[in-house]
C-alpha cells in the first residue's frame with residue numbers, strides 16, 4: 001500500500017468531513033451578545049435606533065423628517081397608487097368621508113340670518129337707487145343675494 005502524503009493531507013478535509021481547516025474559506029462566525037434574528041440599523045433616519053447620547057433626534061422628529069422626505073405616493077404607469085405616501089389614509093371605494101361639525105373648523109364662517117339678510121337687501125336697494133349715496137367695497141358685498149328673485 002502507498003503511503004499518504006502529508007502535504008496534501010493538510011489542505012484537504014479529513015475523512016470525517018468536518019470541513020476545511022483553511023481560514024480563507026471558513027464561514028464567518030456571528031458576534032456574541034447580539035440578537036441574531038433581527039439587527040436594528042443605526043441610520044440617522046431610523047426611529048428605532050439606539051440613542052447613543054444627548055444630542056440625537058427624538059423618534060417624533062425622525063418620523064416628521066421622514067414624512068417630509070417621502071411625501072409622494074408611488075404610482076404605476078396608469079397613475080394608480082401602488083403604495084400610499086406616509087401618513088396618507090386610504091378609504092375603501094364607495095365610503096363617504098365626513099367632517100364632523102366642530103367649532104375649530106367652522107367657527108370663522110360668515111353666516112347671516114334671514115332677518116339680517118332682508119334688512120341688508122332693503123338698505124342696499126335704497127342705496128343703489130339714490131344717486132347721492134355711494135356703496136363702498138362692492139366686491140365684499142354679496143350682490144347676488146340682493147338681485148335674487150323669489151321663485152314662483
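Residue numbers (full-length UniProt numbering): 1 to 152. Think of the CB as a built atom: it goes at the ideal place given N, C-alpha and C, for glycine as much as any other residue. As the structure is a prediction and not an experimental result, all values here were calculated from the model.
According to DSSP, residue 81 shares a beta bridge with 75. Listed in chain order, the beta strand (DSSP E) runs fully inside the segment 91-121 amount to none, counting runs of at least 3 residues. Taking C-beta atoms under 8 Å as the contact rule, residue 65 and residue 91 fail to qualify, at a distance of about 27 Å.
Cβ-Cβ separation between residue 47 and residue 63: approximately 6 Å, consistent with a contact (criterion under 8 Å). A straight line joining the alpha-carbon of residue 130 with that of residue 111 spans about 28 Å. In this structure, residue 70 lies near residue 85, with their beta-carbon atoms less than 8 Å apart. Residue 69: member of the alpha helix (DSSP H) spanning 59-69, first to last residue. In the structure shown, residue 2 adopts coil according to DSSP, grouped into three states. The beta carbon of residue 99 lies closer than 8 Å to those of 105 in the same chain, with the five residues before and after it left out. DSSP, reduced to helix, strand and coil, places residue 52 outside both helices and strands of the structure shown, so it counts as coil.
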